[in-house]
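Asks: One structure, pasted below without further comment.
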Amino acid sequence: MSKTSKSNTQVVDIDQVTARPQPMPPPKLRRRPGMILGAAAAVAVGAIVTGWAWLATTDTQDVLVARHTIERGSLIEADDIKRIQISADPALEALPGSSYGDVIGKKAGLDIAAGALLTEEATTSSPMPPDGMSVVGLALATSHSPAVNLRTGDRVRVVVTPAEGAEAPAGTPEFTEAEVVAARADDTSGMFLVDVLVPYADAPVLASRAASGNVGIVLDPEAP
Numbered sequence: 078m079s080k081t082s083k084s085n086t087q088v089v090d091i092d093q094v095t096a097r098p099q100p101m102p103p104p105k106l107r108r109r110p111g112m113i114l115g116a117a118a119a120v121a122v123g124a125i126v127t128g129w130a131w132l133a134t135t136d137t138q139d140v141l142v143a144r145h146t147i148e149r150g151s152l153i154e155a156d157d158i159k160r161i162q163i164s165a166d167p168a169l170e171a172l173p174g175s176s177y178g179d180v181i182g183k184k185a186g187l188d189i190a191a192g193a194l195l196t197e198e199a200t201t202s203s204p205m206p207p208d209g210m211s212v213v214g215l216a217l218a219t220s221h222s223p224a225v226n227l228r229t230g231d232r233v234r235v236v237v238t239p240a241e242g243a244e245a246p247a248g249t250p251e252f253t254e255a256e257v258v259a260a261r262a263d264d265t266s267g268m269f270l271v272d273v274l275v276p277y278a279d280a281p282v283l284a285s286r287a288a289s290g291n292v293g294i295v296l297d298p299e300a301p
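Going by this note's numbering, the first residue of the sequence shown is number 78, and it counts up by one from there.
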């Protein structure tokens with residue numbers, strides 16, 4: 078009897094052998110609305126700050142300021158003022174830096190504090206003395222002048238003080254209204270030197286009395 082052998086043949090599916098696993102798709106990122114708004118706000122703030130910084134450095138103007146205090150009536154010299162750059166402000170009426178040369182040689186029309194901007198009102202080119210007025214120099218003893226420092230522009234009365242036992246000449250005014258032009262102490266003589274602006278007609282009498290030392294000064298309040 079012949080035997081028949083059966084071969085154990087295994088059938089393999091080629092598609093299953095060659096097939097590769099497909100990669101998993103990446104997870105979808107969730108965008109949080111709060112983070113998006115925060116990022117947008119940060120960008121907006123950054124743009125505003127950058128714009129402000131750009132304007133601050135580009136929108137400037139060249140102006141004049143006082144290096145130190147300049148008293149009213151004082152002659153403005155080159156070392157009294159300087160040019161600086163400041164942020165432009167239409168409300169400011171400061172003199173431009175280009176007027177530096179024009180300001181030198183003028184007089185201060187008012188007291189100018191150190192660091193203050195110079196304006197048109199701060200300077201004047203009016204002659205000294207003006208028409209109808211005269212400048213008289215006084216040398217006063219400390220007992221004939223106020224203890225406070227007199228400043229340019231102060232309103233004063235120059236009072237005639239006859240010598241002891243004498244009377245003032247007839248017709249001599251009791252006092253003369255005046256304006257201080259300059260004032261300083263003389264360390265050599267110990268006197269207080271004051272230049273005052275007075276009416277032209279009063280100047281001769283006042284000068285003659287001042288020469289004898291028989292005058293005093295009274296400081297009056299500023300006009301309202």
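Note that beta-carbon positions come from the ideal geometry of N, C-alpha and C, so glycine has one too.
Taking the alpha-carbon positions, what's the Gly267 to Leu217 distance?
Replies: C-alpha separation (whole angstroms): 9 Å.
Asks: Just the Cα atoms here: how many angstroms apart are Val273 and Ser176?
Replies: Cα to Cα, Val273 sits roughly 31 Å from Ser176.
Asks: Ordered along the chain, which non-local residues of its own chain (more than five positions away) have a Cβ less than 8 Å from that of Phe252?
Replies: For Phe252, where only same-chain residues beyond five positions count, the Cβ hits under 8 Å are Arg234, Val235, Val236, Val237 and Val295.
Asks: Per DSSP, what kind of secondary structure is Pro281 in: helix, strand or coil?
Replies: Note: Pro281 maps to helix in three-state DSSP.
Asks: Suppose you measure from the CA of Asp208 to the CA of Pro281; what does that come to, to the nearest Å?
Replies: So the alpha carbons of these two residues sit roughly 16 Å apart.
Asks: Determine whether the beta carbon atoms of Ala259 and Val275 lie at a separation below 8 Å.
Replies: It is not a contact, given that the beta carbons lie outside the stated cut-off.
Asks: Who pairs with Asp179 in a beta bridge, going by DSSP?
Replies: According to DSSP, Asp179 bridges with nothing at all.
Asks: If you compare alpha carbons, which of Val140, Leu227, Gly150 and Glu170 is closest to Val271?
Replies: The residue with the shortest Cα to Cα distance from Val271 is Leu227.
Asks: Of the residues Ile189, Leu283 and Asp156, which one's Cα is nearest the Cα of Val212?
Replies: Cα-wise, what sits closest to Val212 is Leu283.
Asks: Our contact map puts Thr229 next to Gly150 with C-beta atoms below 8 Å; I'd like the distance itself, whole angstroms only.
Replies: Yes, Thr229 and Gly150 are in contact; Cβ-Cβ is about 4 Å, under 8 Å.
Asks: Can you tell which of Pro173, Val180, Ala224 and Leu169 has the C-alpha that lies nearest to the C-alpha of Ile153?
Replies: The shortest Cα separation from Ile153 among Pro173, Val180, Ala224 and Leu169 belongs to Val180.
Asks: Quick check on the burial criterion: 16 or more other C-beta atoms within 10 angstroms. Buried or exposed for Arg144?
Replies: So Arg144 counts as exposed.
Asks: What separation, rounded to the nearest whole angstrom, lies between the Cα atoms of Glu299 and Arg232?
Replies: Distance between the alpha carbons of Glu299 and Arg232: 6 Å.
Asks: For Ile163, which residues in the same chain have their Cβ closer than 7 Å to its Cβ, ignoring the five residues on either side in sequence?
Replies: The residues are Thr137, Gln138 and Val140.
Asks: Who pairs with Arg234 in a beta bridge, going by DSSP?
Replies: DSSP, once it has assigned bridges, lists Glu254 and Val295 as partnering Arg234.
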